[in-house]
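Here is the structure we will look at, set down as structure tokens.
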Amino acid sequence: MSQAAPLESAETGIDLHAIEAKWQRLWAEQQPFNAGGDDDTRPRKYVLAMFPYPSGDLHMGHAENYLYSDIVARYWRHRGYNVLNPIGWDSFGLPAENAAIKRGADPKAWTYANIEQQKTGFKRYGVSFDWTRELHTSDPEYYHWNQWLFQVMFDRGLAYRKESAVNWCPNDQTVLANEQVVDGLCERCGTPVVKKKLTQWYFKITDYADRLLDDLNQLEGRWPSKVLQMQRNWIGRSQGADIDFEIEGRADKVTVFSTRPDTLHGATFFVVAPDSDLAAELAAGADADVRMRFQAYLEEVGRHSEIERQSTDRPKTGVFLGRYAINPVNGEKMPIWAADYVLADYGHGAVMAVPAHDQRDLGFARAFDLPVKVVVDTTAPITGAIQVVDPDDLDAVAASIAELNPAKTGVALTGEGRMINSGSLNGLSKRTAIERIVAELEANGGGRATTTFRLRDWLISRQRFWGTPIPMIHTEDGRLEKVPADQLPVRLPSAAGLDLKPKGTSPLGGATEWVNTIDPVTGEPALRDPDTMDTFVDSSWYFLRFLNPNDATQAFDPAEAAKWAPVDHYIGGVEHAILHLLYARFITKVLFDLGYVDFTEPFTSLINQGMVILDGTKMSKSKGNLVLFNDELEANGADVLRTALAFAGPVEDDKDWKDVSTTGAFKFLSRAMRIAREVSSPVDVVFADGDTALRRATHKVWAEVPALVEQTKFNVVVARLMELVNVTRKTIDSGAGAADPAVREAAEAIALVLDLIAPHTAEEMWHVLGHEGFAGLAAWRNADPALLIEDTATCVVQVNGKVRSQLEVPTKISAEELEALARADEKTIRAIGDAEIIKVIVRAPKIVNFAVKA
387 MSQAAPLESA
397 ETGIDLHAIE
407 AKWQRLWAEQ
417 QPFNAGGDDD
427 TRPRKYVLAM
437 FPYPSGDLHM
447 GHAENYLYSD
457 IVARYWRHRG
467 YNVLNPIGWD
477 SFGLPAENAA
487 IKRGADPKAW
497 TYANIEQQKT
507 GFKRYGVSFD
517 WTRELHTSDP
527 EYYHWNQWLF
537 QVMFDRGLAY
547 RKESAVNWCP
557 NDQTVLANEQ
567 VVDGLCERCG
577 TPVVKKKLTQ
587 WYFKITDYAD
597 RLLDDLNQLE
607 GRWPSKVLQM
617 QRNWIGRSQG
627 ADIDFEIEGR
637 ADKVTVFSTR
647 PDTLHGATFF
657 VVAPDSDLAA
667 ELAAGADADV
677 RMRFQAYLEE
687 VGRHSEIERQ
697 STDRPKTGVF
707 LGRYAINPVN
717 GEKMPIWAAD
727 YVLADYGHGA
737 VMAVPAHDQR
747 DLGFARAFDL
757 PVKVVVDTTA
767 PITGAIQVVD
777 PDDLDAVAAS
787 IAELNPAKTG
797 VALTGEGRMI
807 NSGSLNGLSK
817 RTAIERIVAE
827 LEANGGGRAT
837 TTFRLRDWLI
847 SRQRFWGTPI
857 PMIHTEDGRL
867 EKVPADQLPV
877 RLPSAAGLDL
887 KPKGTSPLGG
897 ATEWVNTIDP
907 VTGEPALRDP
917 DTMDTFVDSS
927 WYFLRFLNPN
937 DATQAFDPAE
947 AAKWAPVDHY
957 IGGVEHAILH
967 LLYARFITKV
977 LFDLGYVDFT
987 EPFTSLINQG
997 MVILDGTKMS
1007 KSKGNLVLFN
1017 DELEANGADV
1027 LRTALAFAGP
1037 VEDDKDWKDV
1047 STTGAFKFLS
1057 RAMRIAREVS
1067 SPVDVVFADG
1077 DTALRRATHK
1087 VWAEVPALVE
1097 QTKFNVVVAR
1107 LMELVNVTRK
1117 TIDSGAGAAD
1127 PAVREAAEAI
1137 ALVLDLIAPH
1147 TAEEMWHVLG
1157 HEGFAGLAAW
1167 RNADPALLIE
1177 DTATCVVQVN
1187 GKVRSQLEVP
1197 TKISAEELEA
1207 LARADEKTIR
1217 AIGDAEIIKV
1227 IVRAPKIVNF
1237 AVKA
């Protein structure tokens, strides 16, 4: 763990807490960081950090995240932009409800107490938020507009209710979206997730699957590439065909999706998801023995997560349903099995099994002794769309692949090749065979080209209390009616007297006075929907509410969205790469289609920070390795903590707290403050008269820092400031003195750039240097190009590759002149001695190397 820095330096008399308290008071009084209104003519920048969940005190992850967002916000403010940098709280959700149940408290009281604690921490940390725009998603003034959004989605057919097998957390007693199941476990509590059939509310995100995928191209180079890939993988677009299979004894055909319709001749059995409606229907029509075995198997499957079911190294299990499907291209009967490696919500919940060319199908076929038929000769080179195969050669082809028979080897033939044993497809390459079979299926009405996605519709209803009530009414005759707009928001009732413990149904169902209402159409008694919304609904559009958080007439003002949005710089953890970002992108596209916004992506650029860890592991209460934010603030002060974190490494890397030097950060800040206090030249001094070398160093910082900030190389910014502090110190101590104009110029540069990292110290330096107003609002200074031109360079003199001397030489020196200077250098002469010089390499003005013979 890092060593606590002293709160006061004997060398400089810097009292960190006093300085921080002083400037925090002035910021609170004058609110210099509020975004300007319509009369502000500066260009606009919207900087946003992912808002926190108020689960307790701030932690070191918050310290890192909001440091980075504050650096970006302060930078653009210095560059002359009208910056919006708001803060709010993602204050609904399970942790608050579970904590309240554990403590016997009201989740609202627990939540808002934590918010006050976190707010105090943010202010102590010196983050330049616009506090006039503060919001909490658990305020009725906010969730009113969640309900409005839900009803807008309902009117467009994007919010609907259906019965399906859902992810169920037995511990939290609520449903989870697919994205909230991590490795088969509830992302909140770590309990293994099971499947359960319930009627739930969904948002139809699949209607936007193509756009969600294709629009990622807009974000190339602006979002981390790994986040873009995670989104692409989650959406999971697959091109293929829907193929219609007849089922013996069933009037309706069953449709199967396949990315390899060219292998249809190799389909030898049919597999359905055991938890699908189709499996239940087929089993119901079978004999008693099949029904009994199927029911036992279904109960077994329910005890395993989808992740487990799809594992490739898991033994294959299944039950024959006593029914047969008919292969549409050859009329062969295919036994129908229920097997858990097929999922009910992928494709149509059924697959045609081609064991010779699919490893999972092959494993199942070998386990239950089912036929394996090879239809792709993977030994044949593909030199064109089609290769004509002489019928007399078919035996030779069969013999050539006999040694690769998957039924014997256990390895499916998944490579490219030419079609065999496939009728009209024989000799075709994969691509041409797919085109041919799809055309044949479409011609005879047996199938069609189609696209499917891994993405499933967003399940938004939750059986918990602490969330946005779903604004719908269930009537006595089974209709669903919207709560009238003039009755929004539907407010949560008081938790007093309610049993909030998880029990599989929403606690709101027990709030008798609340749940009983009136049918808005007939005036008859009716019931409110007792479920609440997934809290990812809250965070899917919150960045727009910040534009006018106190507007009681609309969710946000489209005119303000046109001025400020989309967010220019969004900062947060990579753990939100799928869930939050995907949902926010979806809702943005819906709002675009409705004409509320004029953009289709909510976050123009994305910065993902690494974690703050300890001794190589993630911090957690259970491990007892927490570094507490407030403890570090108390021990070291905000600026030391900010500087140490900024300097600890690249933004995207994890930082191990044991390697973070708060002591070094304090020493650096103390040296910077000492320089400001020693400057004796007047505020209006002419910098041009100062020490040229120091001025070059200062202007080099001005030249380099913008690119470093915009590339999020904040640790390098601190390094450049440290270098400038060292050069300035040497200039003062060398005899030039603190009255040198170049010293003032350097000190002011240190203060203004330091404002990005350590704003309290920067403000104090700016004040000590005699300036009025806030350093955080001072204009950025541009580098003088003339001072960036190097008149001299350092030449390294080597003897047999080893550095023996250094020379300061003119940058335009010739090779002959440089060699002569090197030969005359005393250190070089001593290094060569009596040895014979056999070769000289000169790269003017940087290097001279003498190769000598001993």
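Residue numbers (my numbering): 387 to 1240. The beta carbon of each residue, even a glycine, is placed where N, CA and C say it ideally should be.
When secondary structure is reduced to three states using DSSP, MET446 falls in the helix class. Under the three-state reduction of DSSP, ASP516 is assigned to strand. Residue state for ILE904 is assigned as strand, using DSSP reduced to three classes.
Per the C-alpha coordinates, the member of MET446, PHE972 and ILE457 positioned closest to LEU841 is PHE972. Listed in chain order, the beta strand (DSSP E) runs fully inside the stretch 550–621 are 560–562 and 580–589, counting runs of at least 3 residues. Non-local C-beta neighbours of ALA407 in its own chain, meaning closer than 6 Å and more than five positions away in sequence, are absent. Rounded to whole angstroms, the gap between the alpha carbons of ARG804 and LEU811 is 9 Å.
Listed in chain order, the non-local C-beta contacts of GLU694 below 8 Å within the same chain comprise GLY570 and ARG700, local neighbours out to five positions each way being set aside.
Between the C-alpha atoms of TRP1043 and ALA1058 there is a straight-line separation of about 24 Å. Proximity of the stretch 889–906 to the stretch 532–548 falls short of the contact definition, fewer than three beta-carbon pairs being nearer than 8 Å. Membership of THR1147 in the alpha helix (DSSP H) is indicated by the continuous run 1145–1154.
Contact between VAL901 and LEU886 does not hold, since their C-beta atoms are separated by about 15 Å, which reaches or exceeds 8 Å. Per the C-alpha coordinates, the member of PRO1145, LEU1055 and GLU549 positioned closest to PRO418 is PRO1145. Counting other Cβ atoms within 10 Å of its Cβ, ASN830 stays below 16 and is therefore classed as exposed. Straight across, the Cα-Cα distance linking VAL762 with THR645 is about 15 Å. Counting only unbroken stretches of 3 or more residues, the beta strand (DSSP E) elements lying wholly within the stretch 913–981 are 953–959, in sequence order. THR837 carries a strand assignment under DSSP once its states are collapsed to helix, strand and coil.
In this model, VAL1238 and ALA1210 are separated by some 16 Å (Cα to Cα). The secondary-structure analysis by DSSP pairs ASN468 across a beta bridge with ARG430. Judged by DSSP in its simplified three-state form, GLU987 adopts coil rather than helix or strand. Here ALA1124 is not bridged, per DSSP, to any residue. It is roughly 29 Å from the alpha-carbon of PRO1196 to the alpha-carbon of ALA1124. In this structure, the CA atom of VAL1189 is about 6 Å from the CA atom of VAL1183.
Take TRP844, set aside five residues on each side of it, and the residues of its chain with a beta-carbon closer than 7 Å to its own are ALA563, TYR588, PHE589, ILE591 and TYR969, in chain order. A straight line joining the alpha-carbon of LYS949 with that of LEU605 spans about 21 Å.
Distance check between ALA1083 and each of GLY422, ILE1175 and PRO1068 places ILE1175 closest, using alpha-carbon atoms only. Here the alpha carbons of GLU789 and THR765 stand approximately 11 Å from one another. Relative to the Cα of PHE839, the nearest Cα in the group THR698, ALA627, PRO472 and ALA1030 belongs to ALA627. Taking a contact as a CB-CB distance under 8 Å, the pair LEU1014 and ASP661 does not count as one, their CB atoms being some 45 Å apart. Remark: C-beta atoms of VAL740 and ILE806 do not approach each other more closely than 8 Å. For ASN713, the closest C-alpha among the options THR698, ASP673, PRO988 and ILE633 is that of ILE633. About 7 Å separates the CB atoms of LEU1080 and VAL1129; that is less than 8 Å, so the two are in contact. Under DSSP, the beta-bridge partners assigned to LYS548 are GLN586.
Here VAL567 has ASN553 and VAL579 as same chain residues with Cβ atoms under 6 Å from its own Cβ, once five neighbours each way along the sequence are excluded. Rounded to whole angstroms, ASN1016 and TYR928 show a C-alpha spacing of 27 Å. Judged by DSSP secondary structure, ASP628 falls within the beta strand (DSSP E) whose first and last residues are 623–633.
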